[in-house]
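*Asks:* Residue 587 in our numbering is what sits at position 370 of the sequence shown, and the numbering runs on without skipping anything.
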Amino acid sequence: MLQVPLFRDEILMGYLSRLAKANRMGALDYFCKSYEMSFHGLNHGKSDTIEMLSSLVGLPSEQLLHHATTVSGYRSVTMFGQTFEQALLLRNTLRFCPKCFEADELEDSRIPGTRRYRRALWLVKAYRTCHVHGCELLELPGRKTNPSFDFCVELDAEHKEIQRLSSGASERPAGPVDLFIRDRFYGDASHGPLIDKLETAVVLNISRVLGVAMVHGRDQTLEQLSQCAICDATDIGYNVLAGGMDQFHDALDRISAGAAAGAFLRYGRFYTHIRQSQHKDSYQHISELFQAHVADRYPLPASVTKFARTNEEKWTTVAHIADVTGLSSPVIRRRLVDAKINTKAIPVKALSLFERMSGGTIQYRQAASILRCRPMFVSQLVAGGVLRRLDFDQIGHRGRHNTRLLSTVEVNELHNTIHNVATSALEQNMLSIKEASERMGIHRVSLLAKIAKGELKRVALSGRPLLVDDVMVDPSELMSTKFSDTHVVNTEAVGILEISQISLRALQNNHLIGFDEVSSDNGAVVYRVTSRAELVEFRKRYVTVNQLIKATGLSQRQVRYMIRTNGVPPAISTAKGGCAFYDRAQIELLIDAASLVSNAAGDIDFS
């Protein structure tokens, strides 16, 4: 087997690609299969596969492993003794220095076709300029390949594109980050007392997020910036770290200036990155420096009421309110949102919102038990503003979790208020909330709210189990005498039309039947009334399937068959009327034409 040299800064998979090319073995995966070596094992630096390669090429396994891109942990890769998160590497795109390639081709001692090799530095995203030639690195646009793509095959396939890009290459001096990466790969040069204590990946990560926060703001996400903008910001962040702890703390002061309480608000995405990385040993030192800055600049006393950002402004956080009140974070956030308070900038005076919540929270089912109603009615009370919900829906891996909570104090207060108001003697003409709602067309929640506010004076209890059946009201307090002769309430209107409440509401809402909203004589409630004459006229013009069944004695199937076979369209569709209404005159002609008179003579009454 022809051997090729393994260069000092070459990655292992690039070396194997050149080895396969030199021995005319074709693609790299075919080369691995020919010698019964695992392609995956070589790519990930598996020790047993590296041993097989060592015996094949005569190089020490330690040297080969040093050049391999070894998977050393979750989403992390180790190469040349440096461990990187995968986000810091660009493994699936060919980056190159055109002048390095030119210099490689001039090496006559190398086998043609294998002279160019892939440098490990090119895989690091933050490395933008070749420190040897002062040339900006280029990359093939739009072409994404496997992270372990065949280097020589890629060079042959993209030969023209590489030449085109190389002709337009620009010179630029190597930046501080470029030189730092070079030193970490090839030497032990010092970069200051702070950087020397940190791993390469930590320096690059902290430089990146710190620089972006300084240049673009603490809330700027990396995904919204170009790679060039991120690299420019990384240089700035690196210079801060190179300046030592004093410059690092000064940069944190700049980032956190003018923010409200809360570490996330003060430090933004930089704080998020520290939180996500603090469990890693390599980030321990930088985490301790960050925590020291927080403790020194923003001390957090035990009592939240004493916490002050400045002498003029006082702020608190959700966590502090939770400590003081014992409430959960979702409950606190819900109450703050209801009060139109930014949950990331909470004034201390917001604590007054939670004074009435010291009794804890309960779910809807428990509230329904206290109020003697169904959980659905509790939901209606919340929607109607009688009760206030305290938390948000939370989504878990099994779907929506029932975490809807109410204040125990507020539920008990509503229960006691109703019983304190219902002191009148029970009279025969009184109606329950349920009966009054059906008769007047007033929502039960509206009636209960009026009772709780004391707007209805004559309220009694009947002793029935459910709240809507137990609480009784005087119908005279709900009535208006203004239209009593010419108009009827919804319950009477339903009887005149022989339809359901749903259909009547649909007809009214779609303006197919007129109505007026009137107040009771005492102004306590508002309800709908409809002209009696208009209802009679509507009944003369339209008929429903149920009315035809009742009038003719036919079955529903027979009536619908008659309508369908004669192609009679509804005058009012189900969508607009709650059910289909047909023209009465047209239906009467159909019945006569079908000679159904003999079956229902004298019995058909459409009045």
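Here a beta-carbon is modelled for each residue, glycine too, at the ideal position from N, C-alpha and C. Quick caveat: nothing in here was measured; it's all calculated off a predicted structure.
Counting along the chain, where does the beta strand (DSSP E) carrying G290 start and finish?
*Replies:* Start and end: T287 to G290.
*Asks:* Give every residue of the same chain whose Cβ lies closer than 6 Å to the Cβ of A285, excluding the five residues on either side of it in the sequence, and list them in chain order.
*Replies:* Contacts found: L229 and G262.
*Asks:* So is R471 buried or exposed if we call it buried at 16+ other beta carbons inside 10 Å?
*Replies:* So R471 counts as exposed.
*Asks:* Give me the Cα-Cα distance between T310 and E356, rounded to the nearest whole angstrom.
*Replies:* Distance between the alpha carbons of T310 and E356: 7 Å.
*Asks:* If you draw a straight line from the alpha carbon of G602 to that of K557, how long is it in whole angstroms?
*Replies:* When rounded, the distance between both Cα atoms is 16 Å.
*Asks:* Alpha carbon to alpha carbon, how far is D555 from I549?
*Replies:* Rounded to the nearest angstrom, the two C-alpha atoms are 10 Å apart.
*Asks:* The ligand GTP and S443: does any heavy atom of the ligand fall closer than 8 Å to the residue's C-beta?
*Replies:* The model on display carries no ligand, and the ligand GTP is accordingly not part of it.
*Asks:* Is it right to say G731 is buried, meaning 16 or more other beta carbons lie within 10 angstroms of its own, or is it exposed?
*Replies:* Label assigned to G731: exposed.
*Asks:* Can you have a look at C369 and say buried or exposed, based on whether 16 or more other CB atoms are within 10 angstroms of its CB?
*Replies:* Result: buried.
*Asks:* Name the DSSP bridge partner or partners of H704?
*Replies:* Answer is S748.
*Asks:* Mind the definition here: the region 445-457 touches the region 482-494 only if three or more C-beta pairs lie below 8 Å; say whether that holds.
*Replies:* Too few Cβ pairs lie closer than 8 Å, so no.
*Asks:* Let me make sure I understand the geometry here. Which of L607, A237, A802 and M296 has the alpha-carbon closest to that of F402?
*Replies:* It is M296 whose Cα lies nearest to the Cα of F402.
*Asks:* Could you have a look at C590 and say whether DSSP puts it in helix, strand or coil?
*Replies:* DSSP places C590 in coil when its eight states are reduced to three.
*Asks:* For Y778 and R758, what's the separation of their Cα atoms in angstroms?
*Replies:* The straight-line gap from Cα to Cα measures roughly 22 Å.
*Asks:* Looking only at its own chain, which residues have a Cβ that is under 7 Å from the Cβ of G794, when we skip the five neighbours before and after it?
*Replies:* Around G794: S720, A723, L724 and L729.
*Asks:* Contact defined as beta carbons within less than 8 Å: I believe T389 pairs with L338. What is the distance between those atoms, to the nearest angstrom?
*Replies:* The residue you asked about is not Thr; residue 389 is Arg in the sequence shown. No, R389 and L338 are not in contact; Cβ-Cβ is about 16 Å, not under 8 Å.
*Asks:* What number of angstroms, rounded off, separates the C-alpha of Y232 from the C-alpha of L305?
*Replies:* Cα to Cα, Y232 sits roughly 22 Å from L305.
*Asks:* Given that a residue counts as buried once 16 or more other Cβ atoms are within 10 Å of its Cβ, and exposed if not, what is N726?
*Replies:* Exposed.
*Asks:* Can at least three beta-carbon pairs, one atom from the region 266-273 and one from the region 243-256, be found at a separation below 8 Å?
*Replies:* In short, these stretches touch, since the Cβ pair count reaches three.
*Asks:* When the Cα atoms are used, what is the spatial distance from M431 to G392?
*Replies:* Each residue's alpha carbon lies about 18 Å from the other.
*Asks:* Around the Cβ of E627, are there at least 16 other Cβ atoms within 10 angstroms (buried) or fewer (exposed)?
*Replies:* By the neighbour-count rule (16 or more Cβ atoms within 10 Å), E627 is buried.
*Asks:* For T331 versus V221, is the C-beta spacing smaller than 9 Å?
*Replies:* Yes, the pair counts as a contact, with Cβ atoms nearer than the cut-off.
*Asks:* Can you tell me whether S424 is buried or exposed, with buried defined as 16 or more other CB within 10 angstroms of its CB?
*Replies:* The residue in question, S424, is buried, as its Cβ has 16 or more Cβ neighbours within 10 Å.
*Asks:* Assuming N215 and P692 form a contact by the criterion Cβ under 8 Å, report the distance between their Cβ atoms to the nearest whole angstrom.
*Replies:* Since the displayed the chain opens at 218 and closes at 824, residue 215 lies outside it and no answer follows.
*Asks:* In angstroms, rounded to a whole number, what distance separates the CA positions of A792 and T761?
*Replies:* Their backbone Cα atoms lie some 14 Å apart in a straight line.
*Asks:* For K667, count neighbouring Cβ atoms within 10 angstroms of its own Cβ and tell me buried if that reaches 16, exposed if not.
*Replies:* That one is buried.
*Asks:* Just grab the DSSP bridge partners of D733 for me.
*Replies:* Paired residues: V746.
*Asks:* If you compare alpha carbons, which of A509, S234 and E805 is closest to T769?
*Replies:* It is E805 whose Cα lies nearest to the Cα of T769.
*Asks:* Tell me which same chain residues have a C-beta within less than 8 Å of the C-beta of D686, skipping the five on either side of it?
*Replies:* Here the set comprises S649, I650, K651 and S679.
*Asks:* By DSSP, does Q764 sit in helix, in strand, or in coil?
*Replies:* Helix at Q764.
*Asks:* What whole-angstrom Cβ distance do R606 and R621 have, given they're in contact under 8 Å?
*Replies:* Contact holds; Cβ gap of about 6 Å.
*Asks:* Use the C-beta contact count for C352: other C-beta atoms within 10 angstroms, 16 or more gives buried, fewer gives exposed.
*Replies:* Looking at its Cβ environment, which holds 16 or more other Cβ atoms inside 10 Å, C352 is buried.
*Asks:* Tell me where the alpha helix (DSSP H) around Q773 begins and ends.
*Replies:* Looking at the DSSP string, the run of the alpha helix (DSSP H) that includes Q773 is Q773 to T782.
*Asks:* Under 8 Å by Cβ, that's how I've got S641 and R675 pegged, so tell me the actual separation to the nearest angstrom.
*Replies:* With a Cβ gap of about 5 Å, S641 and R675 count as contacting.
*Asks:* Between which two residues does the alpha helix (DSSP H) carrying E322 extend?
*Replies:* First-last of the alpha helix (DSSP H) with E322: P315 to E322.
*Asks:* With H, G and I counted as helix, E and B as strand and the rest as coil, what does DSSP make of S520?
*Replies:* At S520 the pLDDT is 37, less than 50, meaning the model places this residue with poor confidence and gives no usable figure here.
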